[in-house]
Amino acid sequence: MDIDKNMRILVVDDFATMRKVIKNLLRQSGYQNVTEAEDGVVALKELRSQKIDFVISDWNMPNMTGIELLKAVRADSELSSLPFLMVTAESLKDNVLEAVKAGVSNYIVKPFTAEVLNEKIEKIIENLGG
Amino acid sequence: MDVRFINPFLEATMDVLKTMAFVEPRPGKPYLKKDDLAKGDVSGIIGFTGAAAGSMALSFSSECILKIVSNMLGEEIKEINGDIKDAVGEITNMVSGAARKKLESLGLSISAAIPTVVAGKGHSVSHVMGGPSIIIPFETDHGAFVADVCMGGVK
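The listed protein sequences correspond, in order, to chains G and C. Under my numbering, think of the first position of the first sequence as 1, with each following residue one higher. Under my numbering, think of the first position of the second sequence as 131, with each following residue one higher.
So, in structure tokens, the structure goes:
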């Protein structure tokens with residue numbers, strides 16, 4: 001499978017520590033080209049000002065939550081097909097349904113390992129190709 | 131306190147630390163806590179409402195949390211700083227999410243608030259329900275920590 005390990009990944013989380021944790025997990029799978037944003041508002045600015053290939057976003061954030069960011073991305077003609085992986089601390093049914101309705105590419109429940117994160121990324125990229 | 135609440139929190143705590151921090155906690159025998167002194171140097175506390183209400187605290191010794199967060203971040207951290215407090219908040223959140231998922235499968239739908247983190251020797255952990263709470267002690271190769279759970283009011 002051809003996954004470009006140099007693709008530019010945007011990690012969105014209001015906790016600096018969690019962004020570091022996710023960056024650390026991505027590094028373990030060979031992804032080095034990672035940029036960060038602390039909430040949906042900052043993320044949207046980043047997405048509109050530089051080329052980002054993949055978004056990994058937390059759900060609960062101040063200013064603009066992950067689900068609001070997802071909806072904004074899907075509503076933007078330039079960004080609408082961007083791969084979007086949602087990170088959540090809970091796999092409660094209502095949350096998952098809401099994210100799927102809003103067009104999430106996949107979701108991952110904390111805690112997760114580098115392997116699981118990599119599998120989710122690969123699956124999303126594969127589906128894009130197919 | 132209803133003993134059905136012990137296992138979901140015990141299992142969730144072990145899952146989160148194994149997965150995110152590569153630490154294998156060994157649980158000890160749970161006991162009733164009667165004072166409100168924290169058992170560790172850094173504590174994350176989170177409140178719950180819904181089918182059952184209450185709160186949970188995770189209280190870590192310095193040595194233990196330094197190792198846990200160093201593993202999570204892939205870099206060595208030597209003192210209790212902002213990164214440690216952030217991480218304790220995240221760990222508390224993740225344990226809460228995992229435990230609530232387990233409780234949901236028992237038919238108990240519970241919402242969580244945002245965690246608070248307190249650091250310093252001899253700080254106190256007060257539960258909204260007023261206690262007593264159940265302490266689940268854990269040992270790791272790098273020191274001890276406890277889960278301090280106070281839940282009640284099942285409808």
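Glycine is no exception: its CB is placed at the ideal position from the N, C-alpha and C atoms. Bear in mind the structure is a predicted one, so any value in this text is a computation, not a measurement.
For K163/C, write down the residues that DSSP places opposite it in a beta bridge.
Here residue 163/C refers to the residue found at position 33 of the second sequence. Note: K163/C sits in a beta bridge opposite S263/C.
Mind checking which residues open and close the alpha helix (DSSP H) that includes G170/C?
For this step, residue 170/C is matched to residue 40 along the second sequence. No alpha helix (DSSP H) holds G170/C; DSSP gives it neither H nor E.
Counting only C-beta atoms, is L203/C closer than 8 Å to chain G at any point?
As a position in the second sequence, residue 203/C is number 73, starting the count at 1. Judged by the 8 Å Cβ criterion, L203/C is in contact with chain G.
Helix, strand or coil for F135/C, going by three-state DSSP, please let me know.
Position 5 of the second sequence, counted from the start, is the residue given in the question as residue 135/C. Per DSSP, reduced to three states, the secondary structure at F135/C is helical.
Do S226/C and A242/C come within 8 Å of each other at the CB atom, strictly closer than that value?
Locating residue 242/C in the second sequence gives position 112, counting from the first residue. Locating residue 226/C in the second sequence gives position 96, counting from the first residue. S226/C is positioned such that its CB atom lies closer than 8 Å to that of A242/C.
Chain C contacts from the stretch 14-45 of chain G (Cβ-Cβ distance under 9 Å):
Listed by position along the chain: F15, A16, T17, M18, K20, V21, K23, N24, L25, R27 and Q28.
Give a yes or no on whether the C-beta atoms belonging to F268/C and T143/C are separated by under 8 Å.
Numbered from its first residue, the second sequence carries residue 268/C at position 138. Numbered from its first residue, the second sequence carries residue 143/C at position 13. It is a contact, given that the beta carbons lie within the stated cut-off.
P245/C and G174/C - do their beta-carbons sit closer together than 8 Å?
Working through the second sequence from its first residue, we reach residue 174/C at position 44. Working through the second sequence from its first residue, we reach residue 245/C at position 115. G174/C is a Cβ neighbour of P245/C, given a cutoff of 8 Å.
Just to make sure I have the definition right: I need the residues of chain G whose C-beta is within less than 9 Å of the C-beta of A182/C. Which are they?
Translated into the one-based positions of the second sequence, residue 182/C becomes position 52. Taking a Cβ-Cβ cut-off of 9 Å, A182/C has no neighbours in chain G, whose nearest Cβ is about 15 Å from it.
Go through the stretch 205-273 of chain C residue by residue and report every complete run of the alpha helix (DSSP H) that reaches 4 residues or more, in order.
Scanning the stretch 205-273 of chain C for uninterrupted alpha helix (DSSP H) segments of 4 residues or longer gives 212-234, listed from N- to C-terminal end.
Comparing the C-beta of T113/G with each C-beta of chain C, is any distance below 8 Å?
The residue you call residue 113/G lines up with position 113 of the first sequence. So, interface residue.
Per DSSP, the bridge partner or partners of S189/C
One-based indexing of the second sequence puts residue 189/C at position 59. Paired residue(s): S173/C and V276/C.
Name the residues in the stretch 140-154 of chain C whose C-beta lies less than 7 Å from a C-beta of chain G; which are they?
Residues of the stretch 140-154 of chain C that bring their beta carbon within less than 7 Å of a beta carbon in chain G comprise D145, V146, T149 and M150, in sequence order.
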